[in-house]
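**Student:** According to the numbering used here, the residues represented by the sequence shown are 1299 to 1433, in order. One structure follows; several queries about it will come next.
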Amino acid sequence: MVVFTVSEKGLELRKNVEEISGQNIFQCYQCGKCSATCPVVDSMDMAPNKIIRFVQMGDLEVLDQNTFWVCAACFTCSARCPRSVDIAKIMEALRNVMLRNKQDFINIYSKEFIEKMIEEIPQMAIVAAIKKGVW
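Okay, here's the thing in structure tokens:
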């Protein structure tokens, strides 16, 4: 039998993400539909379903990924989830955790970032970002 232990900080991360997002992260059973339908997954270090798994396991390595900064918050993942997990809210919660800890983040308004991503980001994600007032 394999036993996993989670550090205090890992438990705190999991608790904070669930409280901020209002989501039960253990509802996710790793089907991968969120990652398969994400319009910006190719620009992410780690697929959305893997991010959820790392949070479930309390693995702090999740905070080193760019995935939740790159997330366009278009809610495609949330709409496709068969378990009704709002993945976009979880990504937002991870951003909030990082900002509360005063951690660095990707400057999505920098000219370099926009020039690099404009070729890769699907139009749907750009429209979603504009509607949300992010871009």
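For every residue, glycine included, the Cβ atom is placed at its ideal position computed from N, Cα and C.
Could you have a look at residue 1299 and say whether DSSP puts it in helix, strand or coil?
**Tutor:** In the sequence shown, counting from the first residue as 1, residue 1299 sits at position 1. DSSP places residue 1299 in coil when its eight states are reduced to three.
**Student:** Use the C-beta contact count for residue 1425: other C-beta atoms within 10 angstroms, 16 or more gives buried, fewer gives exposed.
**Tutor:** Mapped onto the sequence shown, residue 1425 falls at position 127. Counting Cβ neighbours within 10 Å, residue 1425 comes out exposed, since fewer than 16 surround it.
**Student:** Which ranges would you report for the alpha helix (DSSP H) in the region 1351 to 1386 if only whole runs of at least 4 residues count?
**Tutor:** Whole alpha helix (DSSP H) segments, 4+ residues: 1365 to 1368, 1374 to 1378.
**Student:** Looking at the secondary structure, which residues open and close the alpha helix (DSSP H) in which residue 1422 lies?
**Tutor:** Here residue 1422 is taken as the residue at index 124 of the sequence shown, counted from 1. Element bounds for residue 1422: 1421 to 1429.
**Student:** Which word fits residue 1303, buried or exposed, when buried means at least 16 other C-beta atoms lie within 10 angstroms of its C-beta?
**Tutor:** Here residue 1303 refers to the residue found at position 5 of the sequence shown. That one is exposed.
**Student:** Quick check on this structure: which residue in 1338, 1337, 1333, 1340 has the alpha carbon closest to the alpha carbon of residue 1445?
**Tutor:** Residue 1445 is absent from the model: the chain starts at 1299 and stops at 1433.
**Student:** Give me the residue from 1413, 1420, 1317, 1305 with the minimum Cα distance to residue 1369.
**Tutor:** Numbered from its first residue, the sequence shown carries residue 1369 at position 71. Comparing Cα-Cα distances from residue 1369 to each of 1413, 1420, 1317, 1305, the minimum goes to 1420.
**Student:** In angstroms, rounded to a whole number, what distance separates the CA positions of residue 1306 and residue 1331?
**Tutor:** As a position in the sequence shown, residue 1306 is number 8, starting the count at 1. As a position in the sequence shown, residue 1331 is number 33, starting the count at 1. Looking at the two C-alpha atoms, the distance is approximately 31 angstroms.
**Student:** What is the rounded straight-line gap between the Cα of residue 1342 and the Cα of residue 1300?
**Tutor:** As a working mapping, residue 1342 is identified with position 44 in the sequence shown. As a working mapping, residue 1300 is identified with position 2 in the sequence shown. Approximately 30 angstroms between the Cα atoms of the pair.
**Student:** Would residue 1392 pass as a contact of residue 1366 if the rule is Cβ separation under 8 angstroms?
**Tutor:** The count along the sequence shown starts at 1 and reaches residue 1392 at position 94. The count along the sequence shown starts at 1 and reaches residue 1366 at position 68. Closer than 8 angstroms, so yes.
**Student:** Exposed or buried, which one is residue 1320 when buried takes at least 16 other CB atoms within 10 Å?
**Tutor:** On the sequence shown, residue 1320 is found 22 positions in, with the first residue counted as 1. Answer is exposed; the Cβ neighbour count stays below 16.
**Student:** Could you have a look at residue 1330 and say whether DSSP puts it in helix, strand or coil?
**Tutor:** Sequence index remark: in the sequence shown, residue 1330 carries index 32 (1-based). In the structure shown, residue 1330 sits in coil (DSSP, three-state: anything other than H, G, I, E or B).
**Student:** Cβ atoms of residue 1395 and residue 1311: under 8 angstroms apart, would you say?
**Tutor:** Counting from one through the sequence shown, the residue named residue 1311 turns up at place 13. Counting from one through the sequence shown, the residue named residue 1395 turns up at place 97. Yes, these two residues count as a Cβ contact at 8 angstroms.
**Student:** Within 10 angstroms of the Cβ of residue 1380, are there 16 or more other Cβ atoms? Answer buried if so, exposed if not.
**Tutor:** Translated into the one-based positions of the sequence shown, residue 1380 becomes position 82. Residue 1380 should be labelled exposed.
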